[in-house]
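One structure below.
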Amino acid sequence: MKLTLRLERRLTPSRALGFLIPVFSIVLALCFGAVLLAAVGKNPGVVYQKMFSGAFGSRFGLTETVVKAIPLMLSGLGVAVAFRMLLWNIGAEGQLQIGAFAAAGVALAFPQAPAVVIIPAMMLAGFLGGALWASIPAALKAKLQVNEIITSLMLNYVAIYWVEYLVYGPWRNPKGYGFPGTAPFSPAAELPRLGTSRVHLGLLFGLVAALCLYFILRRTKWGYEIRVIGENPTAARYAGISLTRNILMVMALSGGLAGLAGMSEVSGIIHALQRGISPGYGYTAIIVAWLAKLNPWAIVVVSFLFAGLLVGGDQLQISMGLPAAMSNILQGAVLFFILGGEILVRNRISLTWEK
Amino acid sequence: MQDTLILILLILAGAIRAGTPLLFATLGEIFAERAGVLNLGVEGMMIMGALSGFMVTVRTGNAWTGLLAAILVGGSIGLIHAVLSITLRANQVVSGLALTIFGTGLSSFLGQKLVGVPAPDTFRVVRIPVLGELPVLGPLVFQHDILVYLSFLLAPLAWFLMFKTRPGLHLRAVGESPATADAMGVSVVGLRYLYVFLGGMLAGLGGAYISLALTPGWADGMTAGRGWIAIALVIFATWSPARAMVGAYLFGGVEAAQFRIQGTGTQVPSFFLNMTPYIFTIIVLVIATQETVRRRIGAPAALGLPYEREERG
Amino acid sequence: MTSAVPSVQMLVITKRFPGVLANDHIDFSANAGEIHALLGENGAGKSTLMNILSGLYHPDQGDIHIHGRRVALRSPRDAISLGIGMVHQHFMLVEPHTVAENVTLGLDEPRFLLNSGQIEQKIAALSEKYGLKVDPEARIWQLSVGEQQRVEIIKMLYRNADILILDEPTAVLTPQEARELFATLKRMAAEGHTIIFITHKLDEVMAISDRITVLRKGRVVSTVFTSATSKQELARMMVGREVFFQVTKSPWRGGQAVLRVEAARALSDKGLPALKGVSFAVHEGEILGVAGVAGNGQRELAEAITGLRPLTSGEVYLCDRRITNQNPRQILDQKVSHIPEDRLGMGLIPNLSLSDNLILKGYFAPPLGRGPFLDQKAIDAHCRELISRFEVMAPGPDSSVKLLSGGNLQRLLLAREISCCPRLMVAVHPTRGLDVGATEAVHKMLLEQREEGAAILLISEDLDELLSLSDRVAVLYEGEIMGIVPAQGAQVEEIGLMMAGTKRARPAEVAA
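Sequence order for the protein chains is W, V and H. Note that this note's numbering has the first sequence beginning at 1, numbered continuously upward. Note that this note's numbering has the second sequence beginning at 356, numbered continuously upward. Note that this note's numbering has the third sequence beginning at 669, numbered continuously upward.
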């Protein structure tokens, strides 16, 4: 007798599991983290309690969570639209940086411009910056069949060094006591904030972007083309859908959204261009998008969850001296469990005794 | 004249050293991809190799134990990808990314107290008698640490194994046509696990080379995207270990040259020099892709696709 | 000629796939020295049963005895070591590898170093003995389909397989090649091998087998001696009702040329010449059949006409308008429909809904698409209409296509391709893998389109189908047309010779 595990394909994926698995994945990832914490001699209960209260337990924590959800939401939506078409854009981090750079450039070039002019101009610059940056891997993929995974990732490094060059070099604030960053923007170039909190108008950008994306994917011809290409590129070609055009357009939209995230960071939070404007939002966005199954509304929700994780992680660093990398570990672990759990959505598993 | 010659020689020898971790990781990824598994987690496996190698060396004072630990850790992290992508048939792109995010986070978490700790033991240069005294060739090839010599042996060995032996035939068949291999009694799952594990071990070894030989010590994110460059090199190498050597040393050369130029106090800001390997990767990838398209030598046909025997339904 | 103990005995085999009972308590046995045909429609469970015997699938229930001994087949390796070898319908060959590499794949000897000289000698000896000519150093993708099949058989003989299973082996052969294969099989049976021959073609069964087991819907209908049965009886057992082999159609009324192809040349995916100057015309209300062994340029021809593959030279005209190398959208806009060979891989999108699949060729223009948007109401109405008109059996327009049976998939595809009122239809293997009922339905739809005046280019491997549906039959061999003959009164023998590369004496027909 031996115990055998059998997988049987479900005729229709289970809806209930489609929802439960992300939830269980988070729980399991927290368990894994607890083991790790215990191994380095920390009480996981205390740590998680600190993380949770840090992120959701106070007005400051909550607003910080919302603040960090904004870039995750925007770049997560960008990643999702590309992934829908099986375009593996993992360059959101770099696209965010270039978006921030372009928006900052506009803000610094027109310090006298009023808000009604400068804010839309910065938004446009941020979007276009990200879109153009994403167009490099897109064009290489569409025209020369170069693997977009590697090119989009390599450009992250290039973008980060480019911003560093500017803030250490030509764009450095002469009155900044040597601090690597540009001069502060004019007040007109700052996104309006909600009351006294740091929550800014970027939140609206994120929600509107989710709405637009949902509408595009469900109700437009372009969205239909994206769906068809994502599911079966050969059928798309057979139906006369242009792959080249769609690769370029979808990557531009994807990068543009990440660029907008960069714009909203410099205009809404930092009010200048600095080194290290993103703690890896572009990478976390990939996890957010996947956890949300590339669904725009789910991305909004998951962004808040992951923003909480980031804020909680920062809290640990401040109060317990634990590295903020703890939240990266949890992110990776969540993704592992989600990926592992997906098979349950598609298959029935049975354990049977066999002769 | 003499000076320029020496400088070139130094850069070339530096190219070999800097190319060695890339070579290990690239060979590892070639094995995994030849078996049909795309593992984008090379960066994560390398950085964990670098960390565990250094960490264990600090504990034991012996670099060899560190190396062993790095190989095992790299392999084990590779196994996570194997379980997800082979047994659970998860999306290989995302699983590899998860590996990288996880490895980067974990190494940073565990390595917090190791930053700035000096290495108690490293792999030092072992000058090979007689051969090491040769002009030009001596300093270029025969004055390196033992891991470089290991890599010299490993690449041709991998080539031989892949193309001239039965295990190599089975490896290639599993990546090209798993259904055929399966029908002929070759264990698709078993071989894929084996080669993903091997790929992880080699990535771990490559990572350890960085923290124990190339730049001894630990720094957050010290692999600096080399894992991704290795993945690009697999395409450049057209999945052949022999060409992987060329590619690895080419990139090693870029790194070594960049290091030398920085030392000369040039006017070019260091940020631009730091960008070069990444831009160079893109350029090389474009050229290599054009070659594979023109000569119609693609990736292994089943690369990235999970294998399921009973697909009817 | 039969020994006391059957070489293969399968008892009460049951195998279930999600949603299908593929094998339902099947008993099957075959003896050494006999050629045993396993007859049944597509989907009757023949391949599943033999995949169980070759160790690829595990039965949910049932026992297997080989030479009287009960065995457990956990993997193909177990089956191979018991002398069971299977030539699958879709060949199990590693395309970029050489013949010798393929033949030794999975063996334990030689253990480590591959000594190609020795292996090649043994292959040469086997090909000599059984008349299976093939170059051991050639790479698989360079070989014709017939040669690839020889490699498959050699692969099994190399492993000393004495139980040889062949799944629909003649589908890829010319009639003459099929006869050669039969001769080889007979020689092997005479030597004491057990040959199990899966097919759905009655003529073949009558010509070669000693005994026949008929399967229908996963069950055994009967096992009979070939000498004691007839084609009609077999057909009744196989389909479960009387079958009429004759298709009735009205004579061609004449009409303008709709499609004209002139000296078309195109490359294959490997970059080798696949079409080498093909010229022909298809007229209003005419079905032009294209016969030929798979891999002689059929796929490339269909793709070149529909804009999916560039022509390197030559011209294509649609009603005298040049459409050479236009993009697929431009061509389908001119009412050209295309039923591709690979239904689920190219023609349909398995994970999307019926309605998403039905609008694939029309979503961009009114009434389905308006401006940048999709008109959901119009789409719903359009899809409901098509689903009921073409009798697609499905829960509703929102259910996913991958749940449909083969016959319904093809109905869905035809519904979409016919709904644009095509002037030209390019149909590639439209009935491959379908059961008799579905095949009849597809034939009916194609003939209806012919009546409506559409020009139809019908590419098929099934000569019977081509001869009964077509008005004229063109034969494609290595990217060239060997000749075009009227279907009525065509000699199978003559077509077979053309399929093997003999040019027809009167090339005047080609220009017709």
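Backbone N, C-alpha and C fix where the C-beta goes; we use that ideal spot for every residue, glycine too.
Query	Result
Proximity to R664(V) [Cα-Cα], best of G458(V), S532(V), N394(V) and R372(V)	S532(V)
Secondary structure of S264(W), DSSP reduced to three states	helix
Neighbouring residues, chain H, relative to G540(V) (Cβ below 7 Å)	S743, P744, R745, I748 and G774
Best match in A931(H), T992(H), R977(H) and R1038(H) for proximity to R237(W) [C-alpha to C-alpha]	R977(H)
Interface residues of the region 274–303 of chain W facing chain V [CB-CB below 9 Å]	G280, Y283, T284, I286, I287 and W290
CB of K714(H) within 8 Å of CB of I880(H), strictly	no
Chain W within 8 Å of Y1031(H), Cβ atoms only	yes
Contact between the region 791–804 of chain H and the region 844–857 of chain H (3+ Cβ pairs under 8 Å)	yes
Minimum Cβ-Cβ distance from E769(H) to chain V less than 8 Å	yes
Chain-ordered chain W contacts of Y633(V) [CB-CB under 9 Å]	L153, M154, L155, N156, Y157, V158 and Y161
Bridge partner(s) assigned by DSSP for D835(H)	I866(H)
Short Cβ contact (8 Å threshold) for V428(V) with M403(V)	yes
Closest residue to V438(V) among S350(W), R346(W), F336(W) and S53(W) (Cα-Cα distance)	F336(W)
Cβ contact (3+ pairs, closer than 8 Å) linking the region 391–399 of chain V and the region 574–585 of chain V	yes
Contacts that M600(V) makes with chain W (C-beta to C-beta distance below 9 Å)	Under the 9 Å cutoff, chain W gives no residues; its nearest Cβ is about 20 Å from M600(V).
contact_flag[the region 101–113 of chain W, the region 213–223 of chain W] where n(CB pairs < 8 Å) is 3 or more	no
G240(W): contacting residues in chain H (beta-carbon distance under 9 Å)	G975, N995, P996, R997, Q998, I999, L1000, D1001, K1029 and F1032
Assigned exposure category for D1139(H) - 16 Cβ within 10 Å defines buried	buried
Listed by chain order, chain V residues near Q95(W) by CB distance under 9 Å	Within 9 Å Cβ-Cβ: nothing; Q95(W) doesn't reach chain V, min ~15 Å.
Beta-bridge partners of E8(W), as assigned by DSSP	R348(W)
Three-state secondary structure (DSSP) of P941(H)	strand
Neighbour-count burial assignment, M669(H), 16 or more Cβ in a 10 Å radius	With a pLDDT of only 43 at M669(H), under 50, the local geometry of the prediction cannot be trusted, and the value read off the model is given with reservation. Exposed, since its Cβ has fewer than 16 Cβ neighbours within 10 Å.
Alpha carbon of F893(H) to alpha carbon of D878(H), nearest angstrom	6 Å
Any chain W beta carbon closer than 8 Å to N1019(H)	yes
Interface residues of chain C facing T220(W) [CB-CB closer than 7 Å]	No chain C is part of this structure, whose protein chains are labelled W, V and H.
Residues, ordered as in the chain, of the region 464–476 of chain V that lie near chain W by beta-carbon distance below 7 Å	F464 and Q467
Proximity to A134(W) [Cα-Cα], best of I149(W), M251(W) and Y281(W)	M251(W)
DSSP state of I880(H) mapped onto helix, strand, coil	strand
Bounding residues of the alpha helix (DSSP H) (the contiguous stretch that carries P522(V))	R521 to E531
Minimum length 3: unbroken beta strand (DSSP E) runs contained in the region 98–126 of chain W	none
Completely contained alpha helix (DSSP H) runs for the region 449–514 of chain V, where each covers 4 or more residues	492–496
Contact set between T570(V) and chain W, taken where Cβ atoms lie within less than 8 Å	In chain order: nothing, as chain W lies at least about 18 Å away.
Whole-angstrom distance between L588(V) and V648(V), CA atom to CA atom	16 Å
A672(H) - containing alpha helix (DSSP H), residue span	It is not in any alpha helix (DSSP H) - A672(H) carries neither H nor E in the DSSP assignment.
Nearest to C1051(H) (by Cα), restricted to the options M1093(H), S1087(H) and R909(H)	S1087(H)
Cβ-based contacts, 7 Å cut-off: residues of the region 1070–1094 of chain H near chain W	L1071
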